[in-house]
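Trainee:
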Amino acid sequence: MPPSQIRFVTLCQQLLALAVVLAVLTPAASVISLDVAHEGPQATGAEAPVTDISAALRAYSRELGRTSNVPDHVVEPSVAEHVLTAPRAARAARSKADAVAAGRSVTSAPEPVVGYGAVGVTWAPGTVVDEADLRVQVRSRTAGTWSGWMDVDYDAEHGPTPGSAEARHARPGTDALLVGDVDDVQVKVTTAEESLPADLRFAVVDPGAEGRTSRQGPALETGAGEAAGDEDGDEDGDIALRAATYTPRPEIYSRAQWGADESIRDASSLRYFEVHAGFVHHTVNANNYTRDEVPAIIRGIYAYHTKSRGWSDIGYNYLVDRFGRIWEGRFGGIDRPVVGAHTLDYNDYAFAMSAIGNYDTQQPTSAMVQAYGALFAWKLSLHGIDASSTSQVVGPSTFSAINGHRDAAATACPGRYLYARLGDIRRLAAEAQRGWAGRELESDLAGDDHPDLVVRRASDGQAFVIPTGGLTAFGPSSTAATGLPSRSAAVVSPDLTGDGQADLLVRLGDGTAQVRPGTGAGTFGEPAGAVLRRFADHTLLTAVGDVNGDHRNDLVARRADNRRLDVFLGRGNGTFKVRHLPNSWGGYDLVAAAGDQTGDGRDDVVARDRTGRLWLHPGARGGRLGTRTAVAGSFGGYSAITGHGDVTGDGRADLVLRRTAGRAAYVLPARGDGGFGHVLGPVPGLGSLGTLVGVAQVAGDGTADLVFRSGSSLVLRTNRGTTETRAPVATGIDASGAVALFNAGDWDRDGFGDVITQNRKGALHLRRGDGSGRFAAPVRIGTGFSNVRLLAAAGDVTGDGWPDLMGQPRGGGIRIYPGAGLSGLAPSYVAHRAIKAAQQVPVGRWNSDGAPDSLFVRGSKPLLYAGNGPGGLTGKGRTLDLDLTPYDWVVGVSDVGVVGHADLVVREKATGYLWLIPGTATGFGKRRFLAEGMGGYDLAG
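Residue numbering for the sequence shown follows the numbering used here, beginning at 8 and increasing consecutively.
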């Protein structure tokens, strides 16, 4: 039978509150009958749903007891097992008639109970029993009086993953049932089948005597003010952690605090896989236990699961008592994706917390519900899961992020009353989650909120920050002017009227014109000043700025008859005087402002000839234009070229180009020496607008805005102030001895990005940033990395607010090296098997969940591995249709364009050009040029 079809009888509804078990077999002849002490339902009025989530969480935090009475040593539980039916081999020797006659019901002898006891019934491995066909009842005796018979739940959906090593040793059976402090217990088993299951055993669990106890707080505590935005955090803590946005860990009592005897679990069966969701369970036992009895209850469950059920450890990842205390369940790390034995078919992909008690008969307490919310918020956030998600792929099925056990199987677990509170648990968890900003591969070093690169100059080993600027972009459309006549021409110009604001010149069909003054707020007023009559019989009317250097802005236009160029020299009051230039401009089909490209204080003019060649005419004294020079490139495919605006924010006027086909817009950045750099763009969101008529500071914010004409209106798109890259920043780091540079994010959580260098001996040094691109003296935070391949700064993989490293020691698997701020690194652990690759490139939260992901470059096609938070990397990797062979740098950065996906920055080997390869919902998009002149650097991170 395939493993996926194997169904092991396990426990579900009663599991976690009492874990009873048997270890000593008694002769089959002594079989008599079994009863269990039963505490009746303690029904209470239904509690109101949680409405004020924040208040509920704060109240839970305040009211939760800071200390509890717990054992301060290992407590050894024991299990007495009493045989109820013969093993399978012995039964095979009997005739069928004998089996039918003797095998439909069995009652055990009364068995003594020591301590706060628990019981359960198991049977031969491989026996499939339908829940409806088997009835197990228990009663208990105290001071000579027997209780009534109480049903013990059996749930086949509770157990280890079929086919796993743990499942091969497992026995099917009931849930553990807590009988408490009683004298004797007895069980009765009845079947509707022809005979009872073979090798039926009755387990009675003694949780062990605690002896010494002490008052202790949760061993696995959250620090005060740990989460960014924590309303209860002190002021200093909030300042110190202002860069850390992550969900706080709730208080959790450790295994040692319930007295776990680690010798009885199977350490070799510990497995990690993935977490995509969480399940709510209950243990189905009495509800009136005291605070001090909880450690014994958990030990009973532990002993029953390991000694009677044959599991490697307790089945649940966490348990919660009615007082709201959370307890560590299965061994392996509360923050790791430990595979449990709780929800059949989904153990590999989910975690579970079980409520101690029977919540089919009683309401859960508010403290318990709030504990569920806090635990699920934190645990799900570690693995990048939104607690409010309704579509999580969990193995073969899709679930919500938070579910009851009954959502995955035909079971009553976690009881009708606890199941009814799932809505509150989901709301509490969603409220407690702080988002994923702190998990990102944050790479802002220069303080502009956009990711940066850190590079090393080859000539002298000095390190520099190359800031990205968010990419050139313009804001939403707004109306700048209305009422333009249909046969008019609109020209947007720098200030013509002397008030310091950009203005609009409107020329009518009869050749007359009038100035509409700018308001400085993104609009133009009504026409003002004299009617200008000197523009008749002119074409190519263009605002060109100050061509003669008198600090007043000018216009140019070409005469229609003799094709000469006239310069309209502005007087600063909205009127002009004309200078006729002798040159013939008949060979041009486009004239545009260029700003001061030559650096002489006079604005220049560009003109395109009919072959698509662009020529720069420098401004000269007296309103003349100097000898033209050719601009590199071909410009025949553009319907509009306009300038006189610093689009890139570097203090130099740029040209804006718009293609004829597709109407995409680009920026041609000025170099300041009369030449232009590599074209930038395309600039998104401009293709559907009308005719581009000008670039000017219309909105009054100091940036160059774009103006388009659409019918009788002008549409303004304001500059967002973003650009591709900004000027390199000297860091003060001498990296001449480094073999690697890592942009480590905010390693020390002081609010500023930091850099880590690795030297030839394998030592790691932290350089703490100050937010301006400068860094402090190095602090050693790690050694022994000379044999670690694929080392990279990976963002906050572990979800604790500290950035981490990830790498692969030679001959080993991928390991996470958890960051610990100025303390260096916490102990590493394996996050994935070995991966054959030349480079690891962390790509932040590329797939839009909250866990950082990684790209592994191997050959031309990279492999994308999804992150699973503290679990490391999942799956086999997905090959992306992305050719990286032209590049010698591949650096993962956070979201440059703020579109929701992490990006790659690459350097082209042949040219030294820096390119952005933007992340998309399905992979990576078309590359976009960032910067030139990167060939002088030899390391990047």
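Ideal Cβ positions, reconstructed from N, Cα and C, are used throughout, including at glycine.
Identify the residues that DSSP records as bridge partners of His839: which are they?
Mentor: Beta-bridge pairing links His839 to Ile821.
Trainee: Whose CA, out of Gly802, Leu588, Thr114, Gly826, lies closest to the CA of Arg2?
Mentor: Only positions 8 to 948 of the chain appear in this structure, which leaves residue 2 out of reach.
Trainee: Give every residue of the same chain whose Cβ lies closer than 7 Å to the Cβ of Leu687, excluding the five residues on either side of it in the sequence, and list them in chain order.
Mentor: Taken in chain order, the residues that qualify are Thr479, Tyr673, Val674, Pro676, Glu731, Phe936.
Trainee: For Asp158, does the three-state DSSP call read helix, strand or coil?
Mentor: In this structure, Asp158 counts as strand in the three-state DSSP scheme.
Trainee: Pop quiz: Val126 and Val189 are said to be a contact at Cβ under 8 Å. What is the actual Cβ separation, rounded to whole angstroms?
Mentor: Not confirmed; about 10 Å, so no contact.
Trainee: Going by the beta-carbon positions, is the gap between Arg724 and Asp741 smaller than 8 Å?
Mentor: The answer is no: Cβ separation not under 8 Å.
Trainee: With Trp592 as the anchor, note down where its beta strand (DSSP E) starts and where it stops.
Mentor: Element bounds for Trp592: n/a, residue is neither H nor E.
Trainee: Any idea if His587 is buried or exposed, counting beta-carbon neighbours within 10 angstroms, 16 or more meaning buried?
Mentor: By the 10 Å Cβ count, His587 comes out exposed.
Trainee: State the Cα-Cα distance for the pair Val192 and His839, rounded to the nearest angstrom.
Mentor: The alpha-carbon atoms of Val192 and His839 are separated by roughly 48 Å.
Trainee: Quick check: the Cα distance between Gly594 and Val499, rounded to an integer number of angstroms?
Mentor: Cα to Cα, Gly594 sits roughly 24 Å from Val499.
Trainee: For the alpha helix (DSSP H) holding Phe383, just list the boundary residues, first then last.
Mentor: Element bounds for Phe383: 373–389.
Trainee: Do Leu185 and Ala293 have their beta-carbon atoms positioned less than 8 Å apart in this structure?
Mentor: Yes; because the gap between Cβ atoms is below 8 Å, this pair is in contact.
Trainee: List the whole-angstrom C-beta distance separating Asn555 from Thr504, where the pair is believed to meet the contact cut-off of C-beta under 8 Å.
Mentor: Between Thr504 and Asn555 the Cβ distance is about 18 Å, and since that is not below 8 Å, they are no contact.
Trainee: Just confirm the distance between the C-beta atoms of Glu335 and Ile259, as a whole number of angstroms; I'd bet it's less than 8 Å.
Mentor: At roughly 6 Å, the Cβ-Cβ gap stays under 8 Å, so Glu335 and Ile259 are in contact.
Trainee: What does the alpha-carbon distance come out to for the pair Ser221 and Phe330?
Mentor: C-alpha separation (whole angstroms): 18 Å.
Trainee: Can you give the Cα-Cα distance for Asp811 and Asp268, rounded to whole angstroms?
Mentor: If you take the alpha carbons of Asp811 and Asp268, they lie about 33 Å apart.
Trainee: On a Cα-Cα basis, can you pick out the residue from Glu449, Asn590, Ala601, Arg566 that is closest to Ala550?
Mentor: Considering only alpha carbons, the answer is Ala601.
Trainee: Do you know whose CA, among Thr74, Phe383, Arg272, lies nearest Gln223's CA?
Mentor: Checking every option, the nearest Cα to that of Gln223 belongs to Thr74.
Trainee: Helix, strand or coil, according to DSSP, for Leu435 in the structure here?
Mentor: In the structure shown, Leu435 sits in a helix (DSSP, three-state: H, G or I).
Trainee: Take Arg423 and list the residues in its own chain whose beta-carbon comes closer than 6 Å to its own, dropping the five residues that flank it on each side.
Mentor: Cβ neighbours of Arg423 beyond the five flanking positions: Asp367.
Trainee: On the DSSP letters alone, give me the boundaries of the beta strand (DSSP E) that Leu687 sits inside.
Mentor: Per DSSP, Leu687 belongs to the beta strand (DSSP E) from 687–690.
Trainee: Could you give the residue range of the beta strand (DSSP E) that holds Val211?
Mentor: From DSSP, the beta strand (DSSP E) with Val211 extends over 208–213.
Trainee: Only counting runs of 3 or more residues, tell me where the beta strand (DSSP E) segments fall wholly within the region 167–212, in order along the chain.
Mentor: You should have 184–187, 191–198.
Trainee: Can you list, in chain order, the residues of its chain whose CB lies under 8 Å from that of Asp616, leaving out five sequence neighbours each side?
Mentor: For Asp616, where only same-chain residues beyond five positions count, the Cβ hits under 8 Å are Gly594, Tyr595, Asp596, Trp622.
Trainee: Could you give the distance in angstroms between the alpha-carbon of Leu512 and the alpha-carbon of Arg523?
Mentor: Cα-Cα distance, rounded: 6 Å.
Trainee: Comparing C-alpha positions only, which one of Lys843, Glu447, Val287 sits nearest to Ile363?
Mentor: Looking at the Cα atoms, Val287 is the closest of the given residues.
Trainee: Assign Pro78 to one of three DSSP states: helix, strand, or coil.
Mentor: Strand at Pro78.
Trainee: By alpha-carbon positions, which one of Asn324, Val400, Ala381 ends up nearest to Leu435?
Mentor: The candidate whose alpha carbon is nearest that of Leu435 is Ala381.
Trainee: Reducing DSSP to helix, strand and coil, say where Asn750 ends up.
Mentor: It is a strand residue.
Trainee: Within 8 Å (strictly less), CB to CB, does Pro589 reach chain C?
Mentor: The displayed structure is made up of one protein chain only, and chain C is not part of it.
Trainee: To the nearest angstrom, how far is the alpha carbon of Ile271 from that of Thr313?
Mentor: Going by the C-alpha atoms only, they are around 7 Å apart.
Trainee: Can you tell me which of the three DSSP states Val700 falls into?
Mentor: The answer is strand: DSSP assigns Val700 an E or B state.
Trainee: Are there 16 or more other CB atoms within 10 angstroms of the CB of Thr738, so buried, or fewer, so exposed?
Mentor: Buried, by the Cβ-count rule.
Trainee: Start and end of the alpha helix (DSSP H) containing Ala310?
Mentor: Here the alpha helix (DSSP H) through Ala310 covers 301–310.
Trainee: For Ala247, does the three-state DSSP call read helix, strand or coil?
Mentor: Because Ala247 carries a pLDDT of 38, less than 50, the predicted location of this residue cannot be relied on, and no value is offered for it.
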